[in-house]
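Q: Dropping a structure here in structure tokens format, bear with me for questions.
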Amino acid sequence: MSLAQAPAAISSENMELIGYHDLEDRPAFKTAIQEVDGRFYLYLSQFWVSGWSILDVTDPENPELLRFIEGPDNTWTLQVQVADGLLITSLEKIPPGWGPRPEDPPAAEGVYIWDVEKDPAEPELLSHWQTGADGTHRNFYNGGRYAHLSAFAPGFDGNIYRILDLADPRNPKEAGRFWLPEQEGEAAAGSDDWSEGMRVFQHGPAHAENGRAYLPYARGGFVIADIEDIANPKLISRFNVYPPLGSAIAVHTAYPYLNRGFAIINSEALKENCDEPLNYTAIVDIEDEATPRLMSLFPVPEPPPGYSHKSFCERGGRFGPHNQHHPQGLDCLEQREDRVYLTYFNAGLRVYDISEPVHPREIAHYIPADPTKRLGMLPRTLVTQSEDVIVDRRGVVYVTDKNHGLHILRCTV
485 MSLAQAPAAI SSENMELIGY HDLEDRPAFK TAIQEVDGRF YLYLSQFWVS GWSILDVTDP
545 ENPELLRFIE GPDNTWTLQV QVADGLLITS LEKIPPGWGP RPEDPPAAEG VYIWDVEKDP
605 AEPELLSHWQ TGADGTHRNF YNGGRYAHLS AFAPGFDGNI YRILDLADPR NPKEAGRFWL
665 PEQEGEAAAG SDDWSEGMRV FQHGPAHAEN GRAYLPYARG GFVIADIEDI ANPKLISRFN
725 VYPPLGSAIA VHTAYPYLNR GFAIINSEAL KENCDEPLNY TAIVDIEDEA TPRLMSLFPV
785 PEPPPGYSHK SFCERGGRFG PHNQHHPQGL DCLEQREDRV YLTYFNAGLR VYDISEPVHP
845 REIAHYIPAD PTKRLGMLPR TLVTQSEDVI VDRRGVVYVT DKNHGLHILR CTV
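Here the numbering used here is used: the first residue of the sequence shown is 485, the next is one more, and so on.
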């Protein structure tokens, strides 16, 4: 795939486009990387079709699509995690507005567990674990015995935190679960609409480290749980931002930097044209994990000189934070603790310096030109919607989009 086929950039500062792949018109969402024998394999979940793509990105200037794996019918397959030779892929009911048949049940729900140690380009399906409900959303696995899931469960409203024991990956078993009191009881009618109402659910991923789970719980806040006893997680603290901040997914991501004593949290922009409470990215002091406190807010991106609109809100599509690069302690990924890579929908990719946590500052950005061909149902206005970002140990940055292919970048500062 030639760089000449890549969309132009609306604006770029301190970022260099080094590669592009159109993914054969199957836009990707979440991303995961493993390095095997000096080769880098990128695993992508697809947005508008059920399934997953595998690329060899050893030469990031010439990414090679190795294969596409078709997923189960009428099923969201949005999330991927890979570590220790296991690939964990989510299976979920498609919510209203995201597929042609949301009233129909998915063909599969829960997670597939694959062996990618024998052959990274040819996953072998080992097992299928089911939630007994509508599946899983954004999960966490960085190796070892346990996978940490954002999973539905019978008798609960919204996703809860469920821990999966992978001691035998061919026969995974639930090892523990955690929920907030507001979730007890089945979902109320109409609560599938994430953009409306009070939504308390474990969006995920549940970052697990040093006997703690750091949970982004939407309008339930940023939750820290004690998981020293995997079978019996216990609440340590809740840090709420809504009201006044954030969409219905008021805490979408919570990533801790334990060596520095803080976490980065952000909401997810949901409504197009900013028709919701202010979305944000923040640094939260967790030195005293029982009483987290707000340290700072990230600056909101501003349109570049000569931009087509006075603000990104007027451009169309969503504007606001979405996904951060998650190092997860994996050797194949960039592990910097002074930098945050963050997708921002129609404002593209933003890069922030957090050397001074009380004063985060933007140091780079990249906004691809708007798509010229609609590949999916959303956004209503066909504009760039940068979705996920992952950075490998070489500093190569991979960014996905609802209606674009894969952008491969490098930060020059």
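Ideal placement from N, C-alpha and C gives every residue a C-beta, glycine not left out. In this text the structure is predicted, and so the values were computed from the model without any measurement.
I'd like the list of long-range same chain contacts for H843, defined as Cβ closer than 8 Å, with 5 residues on each side in sequence excluded.
A: As a working mapping, residue 843 is identified with position 359 in the sequence shown. Hits under 8 Å: S780.
Q: What separation, rounded to the nearest whole angstrom, lies between the Cα atoms of I851 and E658?
A: Locating residue 851 in the sequence shown gives position 367, counting from the first residue. Locating residue 658 in the sequence shown gives position 174, counting from the first residue. Rounded to whole angstroms, I851 to E658 spans 42 Å at the Cα level.
Q: Assuming D543 contacts L550 under a Cβ cut-off of 8 Å, what Cβ separation, rounded to an integer in Å, is found between them?
A: Residue 543 sits at position 59 when you count from the first residue of the sequence shown. Residue 550 sits at position 66 when you count from the first residue of the sequence shown. Rounded, the Cβ-Cβ distance is 13 Å, inconsistent with contact.
Q: Assign N750 to one of three DSSP states: helix, strand, or coil.
A: Within the sequence shown, numbered from 1, the residue matching residue 750 stands at position 266. N750: strand per DSSP, three-state reduction.
Q: For M499, which beta-bridge partners are listed by DSSP?
A: Here the question's residue 499 lines up with position 15 in the sequence shown. In the DSSP output, where bridge partners are listed per residue, M499 has C895.
Q: Using only CA atoms, which one of A715, Y825, D521 lies nearest to V880?
A: For the purposes of this step, residue 880 is taken as the residue at position 396 of the sequence shown. Ranking the options by Cα distance to V880, first place goes to Y825.
Q: Among the candidates T559, P717, G800, K577, whose CA atom is the shortest distance from the CA of F636?
A: Here residue 636 corresponds to residue number 152 of the sequence shown, with the count starting at 1. Closest by alpha carbon: K577.
Q: As a quick exercise: from D876, V897, L859, V875, pick the residue whose alpha carbon is nearest that of Q530.
A: Numbered from its first residue, the sequence shown carries residue 530 at position 46. Residue L859 is the option with its Cα nearest to Q530.
Q: Quick one: Cα of E519 to Cα of Y525, how far?
A: Translated into positions along the sequence shown, residue 519 becomes position 35. Translated into positions along the sequence shown, residue 525 becomes position 41. C-alpha separation (whole angstroms): 6 Å.
Q: Nearest to L528 by alpha carbon, out of V873, H612, P841, P491?
A: Taking the first residue of the sequence shown as position 1, residue 528 is located at position 44. The residue with the shortest Cα to Cα distance from L528 is V873.
Q: Do S721 and I711 have their CB atoms nearer than 7 Å?
A: Here residue 721 is taken as the residue at index 237 of the sequence shown, counted from 1. Here residue 711 is taken as the residue at index 227 of the sequence shown, counted from 1. No.
Q: Grab me the residues of G669's own chain with a C-beta within less than 8 Å of its C-beta, minus the 5 sequence neighbours each way, in chain order.
A: By one-based count along the sequence shown, residue 669 stands at place 185. Within the same chain, G669 has close Cβ partners G639, F640, D641.
Q: Does A591 come out as helix, strand or coil in the three-state DSSP assignment?
A: Your numbering for residue 591 matches position 107 in the sequence shown. Here A591 sits in coil by DSSP.
Q: At what residues does the beta strand (DSSP E) containing H691 begin and finish?
A: The residue given as residue 691 occupies position 207 in the sequence shown. Run containing H691: 691-693, per the beta strand (DSSP E) assignment.
Q: I'd like the span of the beta strand (DSSP E) that includes V883, first residue to last.
A: Here residue 883 is taken as the residue at index 399 of the sequence shown, counted from 1. Its beta strand (DSSP E) spans residues 880-885.
Q: Alpha carbon to alpha carbon, how far is D447 from R877?
A: Residue coverage of the chain in this structure runs from 485 to 897, which leaves residue 447 outside it and unanswerable.
Q: Taking 7 Å as the cut-off, decide whether the C-beta atoms of R703 and A734 are in contact.
A: Taking the sequence shown and counting its residues from 1, one reaches residue 703 at position 219. Taking the sequence shown and counting its residues from 1, one reaches residue 734 at position 250. In this structure, A734 lies closer than 7 Å to R703 by Cβ.
Q: What is the DSSP secondary structure of F829, reduced to helix, strand or coil?
A: Numbered from 1 along the sequence shown, position 345 holds the residue referred to as residue 829. It is a strand residue.
Q: Roughly how many angstroms lie between the CA atoms of G674 and S731, to the nearest whole one?
A: Here the question's residue 674 lines up with position 190 in the sequence shown. Here the question's residue 731 lines up with position 247 in the sequence shown. Low confidence applies to G674: its pLDDT is 44, below 50, so where it sits in the model is not reliable enough to give any reading.
Q: What is the rounded straight-line gap between the Cα of T896 and the Cα of T856?
A: Your numbering for residue 896 matches position 412 in the sequence shown. Your numbering for residue 856 matches position 372 in the sequence shown. Each residue's alpha carbon lies about 28 Å from the other.
Q: Counting only runs of 3+ residues fully inside the stretch 805-860, write out the beta strand (DSSP E) ranges in chain order.
A: Counting whole runs of 3 or more residues, the stretch 805-860 contains the beta strand (DSSP E) stretches 823-827, 833-837, 845-852.
Q: Determine the extent of the beta strand (DSSP E) in which Q518 is found, giving its start and end residues.
A: Taking the sequence shown and counting its residues from 1, the one referred to as residue 518 is at position 34. Run containing Q518: 512-520, per the beta strand (DSSP E) assignment.
Q: Could you please give the first and the last residue of the uninterrupted beta strand (DSSP E) stretch that includes P700?
A: Counting from one through the sequence shown, the residue named residue 700 turns up at place 216. Residues 696-700.
Q: For a quick check, are the C-beta atoms of E756 and R864 less than 7 Å apart?
A: The sequence position of residue 756 within the sequence shown is 272, counting from 1. The sequence position of residue 864 within the sequence shown is 380, counting from 1. The answer is yes: Cβ separation under 7 Å.
Q: So, are the CB atoms of L648 and A631 less than 7 Å apart?
A: Taking the sequence shown and counting its residues from 1, the one referred to as residue 648 is at position 164. Taking the sequence shown and counting its residues from 1, the one referred to as residue 631 is at position 147. Yes.
Q: According to the neighbour-count rule (16 or more other Cβ atoms, all chains shown, within 10 Å of its Cβ), is N655 buried or exposed?
A: Here the question's residue 655 lines up with position 171 in the sequence shown. Its Cβ having fewer than 16 others within 10 Å, N655 is exposed.
Q: Looking at the strands, I want to know which residues DSSP matches up with K657.
A: As a first step, residue 657 must be located in the sequence shown, where it is residue number 173. Answer is D649, bridged to K657.
Q: Helix, strand or coil: how does DSSP classify Q614 here?
A: Position 130 of the sequence shown holds residue 614. Reduced to three states, the DSSP call for Q614 is coil.
Q: Taking the alpha carbon of S534 as the reference point, which residue from E545, F803, T561, H621 has its own alpha carbon closest?
A: Position 50 of the sequence shown, counted from the start, is the residue given in the question as residue 534. Measuring from the Cα of S534, the nearest candidate turns out to be T561.
Q: Any idea what DSSP makes of D769, helix, strand or coil?
A: For this step, residue 769 is matched to residue 285 along the sequence shown. D769 falls in the strand class under three-state DSSP.
Q: Within 10 angstroms of the Cβ of M861, are there 16 or more other Cβ atoms? Answer buried if so, exposed if not.
A: Position 377 of the sequence shown, counting from 1, holds the residue named residue 861. When all chains shown are included, M861 counts as exposed.
Q: In this structure, does DSSP put A490 in helix, strand or coil?
A: If you number the sequence shown from 1, residue 490 lands on position 6. In this structure, A490 counts as coil in the three-state DSSP scheme.
Q: How do the stretch 739-759 and the stretch 784-793 stand: do at least 3 beta-carbon pairs fall below 8 Å, yes or no?
A: The stretch 739-759 is not in contact with the stretch 784-793.
Q: Identify the residues that DSSP records as bridge partners of H632: which are they?
A: Within the sequence shown, numbered from 1, the residue matching residue 632 stands at position 148. Per DSSP, F624, I647.
Q: With distance defined between alpha-carbon atoms, name the residue in P728, D822, H505 nearest to P740.
A: Reading the sequence shown from its first residue, position 256 is the one you call residue 740. Closest by alpha carbon: D822.
Q: When DSSP labels each residue in this structure, what does H888 get in the three-state scheme?
A: For the purposes of this step, residue 888 is identified with residue 404 of the sequence shown, where counting begins at 1. Residue state, collapsed to three classes: coil.
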